[in-house]
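Under this note's numbering, think of the first position of the sequence shown as 9, with each following residue one higher.
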Amino acid sequence: MRKIIFYRTSTGHCPVEKFLDLLPSKHAKKVSWVLSLIEYLPMVPKQYFKKLVNTDDIWEVRVKSGGEAYRLLGFFDGSNLVVLDYAFQ
């Protein structure tokens, strides 16, 4: 089982949280569902979670909802903690 956290600056700013707060409710629910899959499934389908090639261990969460694609980027801290620090559409 993995644990997902969002990176927060020393001043409390959280880019991923801010991004998610701006999403339509339906899309935010889909992102939340995908994050739950990543936390609880031992083998997550690559369509939702994969290591980006030619990077130093940057991982991508990809969510498609209502014709839109959302990406959240982050890294592992240890073997089970995923820190998401950037999100975009």
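C-beta: ideal position from N, C-alpha, C; glycine also.
From a predicted model like this one, the values you see are computed outputs, not experimental measurements.
Could you give the first and the last residue of the continuous alpha helix (DSSP H) run that contains residue i?
| i | result |
| --- | --- |
| residue 28 | 23 to 29 |
Sort the options by Cα distance to residue i and report the nearest one.
| i | options | result |
| --- | --- | --- |
| residue 71 | 56, 48, 13 and 23 | 56 |
| residue 67 | 89, 36, 76 and 73 | 89 |
| residue 79 | 47, 73, 96 and 23 | 96 |
| residue 83 | 16, 74, 25 and 64 | 64 |
So who's on the other strand from residue i, going by DSSP bridges?
| i | result |
| --- | --- |
| residue 11 | 89 |
Looking at the structure shown, is residue i part of a helix, part of a strand, or coil, going by DSSP?
| i | result |
| --- | --- |
| residue 18 | coil |
Ranges of the beta strand (DSSP E) found wholly within the segment 36 to 95, counting only runs of at least 3: 57 to 59, 67 to 73 and 76 to 85
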